[in-house]
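One line per chain: the protein sequences are A and B, in this order.
Just so you know, we're using our numbering here: the first sequence kicks off at -7 and counts up by one.
Just so you know, we're using our numbering here: the second sequence kicks off at -7 and counts up by one.
The beta carbon of each residue, even a glycine, is placed where N, CA and C say it ideally should be.
Protein chains: 2
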Amino acid sequence: MYESTAFSLLNSEPVFDLYDVEATVVQAIRDKGPLSRTDLSVEMDYSRASLTMIVGKMLDMGILVEVGEGKSAGGRRPLLLNINPAFGYVAGIDIGATSMDVALADFQGNVLAKTSEEADVTIGPEPFLQRVGEVVESLLIQMGIAPTALVAAGIGVPGPVEFVPGVLIAPPLMPTWEGYPIKEHFRRRFPAARVFVDNDVNIMAKGEQKAGAGQGLSNFLFIKVGTGIGCGIIVDGHIHRGSDGCAGDVGHICVDYNGPMCHCGNQGCLEFMAAGPAIAAQGTAKAQCGESPFLARRLELNGVITAVDVGEAAAAGDRVANEIIRQSGRMIGGVLAGLVNFFNPETIFIGGGVSNIGHIFLSTIRQATLRRANPLSTRQLRVEYSQLSSDAGMVGAIWLALENIFTVKA
Amino acid sequence: MYESTAFSLLNSEPVFDLYDVEATVVQAIRDKGPLSRTDLSVEMDYSRASLTMIVGKMLDMGILVEVGEGKSAGGRRPLLLNINPAFGYVAGIDIGATSMDVALADFQGNVLAKTSEEADVTIGPEPFLQRVGEVVESLLIQMGIAPTALVAAGIGVPGPVEFVPGVLIAPPLMPTWEGYPIKEHFRRRFPAARVFVDNDVNIMAKGEQKAGAGQGLSNFLFIKVGTGIGCGIIVDGHIHRGSDGCAGDVGHICVDYNGPMCHCGNQGCLEFMAAGPAIAAQGTAKAQCGESPFLARRLELNGVITAVDVGEAAAAGDRVANEIIRQSGRMIGGVLAGLVNFFNPETIFIGGGVSNIGHIFLSTIRQATLRRANPLSTRQLRVEYSQLSSDAGMVGAIWLALENIFTVKA
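Here it is, written out as structure tokens:
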């Protein structure tokens, strides 16, 4: 319903364009840390003279700064160049179905401030993004940064995204957001910012790659287990979005062709049988029938059982809760075994709210994956919790923005 | 058992190295067809003068030729440059469990001659590759080409390959080939040839991409259904081999956790339940119990039922045969639905021996895939038979060699 607006306003966004070689300088310094002019000229196979000229211009533009001296190779110690952290500031916004996490970073990607709050995407895009804007603004004020110094924002949303216009397409958790021009809304408040919108799990994978245990990896998966189950895919160092932008929708892979009907209309979807709500529902049933005394007490106390309650029951030695978690882990591991056979990743990171449920969950997923996948694919495979945990989304949103802010001139 | 030899001899292979810019010229002409010097200078953002010098050297090297005149932009008609077909010749070799297909092509990738014969990989690598060498030699003689003019060969094998050394790792169909130095063996006979070895399904995907219905596609899958079931994955135009070289092993994805035990030790593997031997076994059972009169007659006649017999029975209106094929198609489609959710490809090509079984097979796979996958991923998804069909492997092996023959100088 909002599509035409979203597209027509794309052209009015601020543009930061660099020549190819300048973009390569930025990339080299981001990848390797501070470098001297000589390092850069070797790295990029450019003459020292041309490179000095290019760097001079980038210092004038405020993209680079000189930051003290490197090691001498005999003569005078060379000055090192780094990204200027104050070139501009970047917001990283991770929108969940029931929460928002917002971080503010400098241009080197250092997180300066962050905040999280409960929220509800079903109130619709206008009021929700209004609140996001207020939160970003309060972080800017807190850090004494002018709103015009916010040069970019990355936004992760829990649904399929068409990346270039940055709009959601048929998002099951937030139907009223379909086609809504998120970029335009955000720029109304922060006109100096370039805005990038992507699926929440894609940005979590990006976060893990840039600042977590995924550093140096080029082929890995990031599985988010929460209300739903989704997967971010990194191929050759880049996010794989697929031909319609909806790659990674692993929550609706079938684990039982005769299983219960999912809200998507198919039977036996992984998400419906193994995600947070399924764990909570089984916990509730076991509380009600009295099979789990721990969960029965918890239900009496709180009136409701969550996946985290089931995790706590298991940690306290409750056998029934333990089995609920193992069952979920086995189903997830079964699907992951298939993905390992197909994709042969180096590592699988598990994140999302349900990953806080305890270590049994991870170990069961790992066992089920290793037991069923091709032995060749699992020789070096690691299955582990996300290092960034609940920060993965915010941090990934920051890097999404930093990696995309510069347009390369033709 | 052969590993050390394979590695130590890698360094002795012939090297054709180009500067980066020369490799880009080759790539541009391969991608767009004959180009003028002006086209190339625009395409590559190089000055006309530099480009004329580079092209001059490449004409001297015999990599390029001038091939008549292009369209005039006002003045004299420009001469067009193309890859010199006679720069060298390339063999494309597709090794199957029970067959070998060999083609000879010029340096533009035009197939000059091809031949197929029955073979048996279990006789071991030495005698098998001996025979491959004889076949390549006979094609060279047939075309009047000197063995020294064979500058490259691509070889596809039905098992997991470590790409750089070109050796098989734990191949279930051909255990005696494990670690065998295929490249070295081939170069003993053709010392001028650079040799590249890859998994058979990867090269089929490559063939479809370069010369079949995959032209212009950048994200697609190629499923081979034969004795086993495997998958070639093209991501952003490149073969995705995974972190251990064994991506695409979809035959052992589980379709029934309580299903029969596969030779791999797991229960309910797709390949064990839906590939050629499964179809043949069910056909045999239905012939023996008399439920299929067509297959009973065929069994009496030939003493054996193959997957192709089941296909012919279905084509002749045999209800039971029809259901066997549909059941296989539904299982394959069920797994493909999961892969579509995960990977979101543009197209899935179906190839391999069993794909000749008839159109019911394809239509059932297609229906099962579309019925179960995320609707967003299937809006534009095409599921179709390989256009190159049984030639996909040979043609892909040729392109594997053509794309990798030049090493880029540092």
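Own chain, CB closer than 7 Å to Ala20/B, minus 5 neighbours either side, in chain order: Only residues of its own chain outside the window of five on either side were considered, and among them Leu27, Leu32, Glu35, Met36 have a CB closer than 7 Å to the CB of Ala20/B, listed in chain order.
| task | With 8 Å as the limit, tell me which residues of the segment 93 to 106 of chain A have their beta carbon closer than that to any beta carbon of chain B; keep them in chain order. | result | So nothing in the stretch comes that close.
Where does Ala308/B sit, in a helix, a strand or coil, going by DSSP?
In the three-state reduction of the DSSP assignment, Ala308/B falls in the coil class, being assigned neither a helical nor a strand state.
**OP:** Return the residue from the list Val124/B, Tyr377/B, Ala360/B that minimises the CA-CA distance to Gly343/B.
**Re:** Tyr377/B
At least one CB of chain B closer than 9 Å to the CB of Gly377/A: is that the case?
According to the sequence as given, residue 377/A is Tyr; it is not Gly. Cβ-Cβ to chain B under 9 Å: no for Tyr377/A.
Exercise. Looking at C-beta atoms only, is the number of pairs between the segment 368 to 375 of chain B and the segment 386 to 398 of chain A that lie closer than 8 Å three or more?
Worked result: No, because fewer than three Cβ pairs between the segment 368 to 375 of chain B and the segment 386 to 398 of chain A fall closer than 8 Å, the two stretches do not touch.
State buried or exposed for Val217/B, treating a residue as buried only when at least 16 other CB atoms are found within 10 Å of its CB.
buried
- Message: For Met92/B, list the residues DSSP reports as bridge partners.
- Response: Ile87/B, Glu109/B
- Does the Cβ of Arg318/B have 16 or more other Cβ atoms within 10 Å, making it buried, or fewer, making it exposed? buried
- Task: Have a look at Ala313/A, Ala288/A, Met265/A, Ala15/A and flag the residue whose alpha-carbon is nearest the alpha-carbon of Ile75/A.
- Result: Ala15/A
Which residues DSSP lists as bridging Asp190/B, in chain order: Gly148/B
Reference Ala313/B, options Gly330/B, Ala272/B, Phe334/B, closest by Cα:
Ala272/B
ask   = Which residues, in chain order, does the segment 338 to 364 of chain B contribute to contact with chain A at a C-beta distance below 7 Å?
value = Glu338, Arg364
Can you find at least 3 beta carbon pairs, one from the segment 112 to 127 of chain B and one from the segment 62 to 75 of chain B, that sit closer than 8 Å?
no
Requested in this report: Could you tell me which residues DSSP pairs with Arg289/A in its beta bridges?
Outcome: DSSP output for Arg289/A lists no bridge partner at all.
Q) Taking the Cβ atom as the reference point for each residue, do Ile195/A and Ala384/A lie within a distance shorter than 9 Å? A) yes
Margin query: Under 8 Å, with one C-beta from each stretch per pair, do the segment 150 to 158 of chain B and the segment 219 to 239 of chain B reach the 3-pair mark?
Written below: Yes, they touch.
#### Entry: Integer-rounded CB distance, given that Arg22/B should sit under 8 Å from Thr30/B
At roughly 19 Å, the Cβ-Cβ gap does not stay under 8 Å, so Thr30/B and Arg22/B are not in contact.
Item checked: Residues near Thr298/B in its chain [Cβ-Cβ closer than 7 Å; skip 5 each side] -> Ala272
*asked:* Any beta carbon from chain B within less than 9 Å of Leu155/A's own beta carbon?
replied: Reading the sequence as shown, one finds Phe at residue 155/A and not Leu. So no, Phe155/A is outside the interface.
Taking the beta carbon of Asn408/A as the centre, do at least 16 other beta carbons fall within 10 Å, making it buried, or is it exposed?
It is not possible to answer for residue 408/A, since the shown part of chain A is limited to -7 through 402.
Q. For His230/B, which three-state DSSP category applies?
A. strand
Inset, instruction - Please check if any C-beta of chain B sits within less than 9 Å of the C-beta of Asp9/A. - result: no
Worksheet item: Quick one: Cα of Glu(-5)/A to Cα of Pro157/A, how far?
Response: Unreliable placement is indicated for Glu(-5)/A, whose pLDDT of 39 sits below 50; the coordinate value is still reported in the next sentence. Using only the alpha carbons, I get a separation of about 9 Å.
Would you say Asp228/B reaches chain A, if we count a Cβ-Cβ gap shorter than 9 Å as a contact? It does; some Cβ of chain A falls within 9 Å.
- Item | Straight-line gap, Gly199/B to Ile85/A (C-alpha atoms, nearest Å) | Rounded to whole angstroms, the separation of the alpha carbons of Ile85/A and Gly199/B is 43 Å.
Quiz item: Which residues in the same chain have their Cβ closer than 6 Å to the Cβ of Arg69/A, if we skip the five residues on either side of it in sequence?
Solution: Glu61
Whole angstroms are fine: how far does the CA of Pro6/B sit from the CA of Phe341/A? 42 Å
query: How is Leu209/A classed by DSSP in three states: helix, strand or coil?
result: Secondary structure of Leu209/A (DSSP, three-state): coil.
Amino acids of chain B, ordered along the chain, whose beta-carbon sits closer than 7 Å to that of Ile161/A: Leu368
request  = Please compile the residues from chain A whose C-beta is within a distance smaller than 7 Å of the C-beta of Phe335/B.
outcome  = Ordered by position in chain A, the residues that pass the 7 Å Cβ test against Phe335/B are Gly234, Ala239.
Range of the contiguous beta strand (DSSP E) that encloses Gly240/B:
Segment: none, Gly240/B is in no beta strand (DSSP E) and carries neither H nor E.
**Prompt:** Near Lys175/B, what residues of its chain come up, given a Cβ to Cβ distance below 6 Å and the 5 sequence neighbours on each side ignored?
**Reply:** Gly158, Val187
Excluding five sequence neighbours on each side, which residues of the same chain lie with their C-beta closer than 6 Å to the C-beta of His232/A?
-> Ile225, Ala239, listed in sequence order.
Secondary structure at Leu165/B, three-state DSSP: helix, strand or coil? coil
Take Gln259/B and list the residues in its own chain whose beta-carbon comes closer than 6 Å to its own, dropping the five residues that flank it on each side. So the qualifying residues of the chain are Gly251, Met253.
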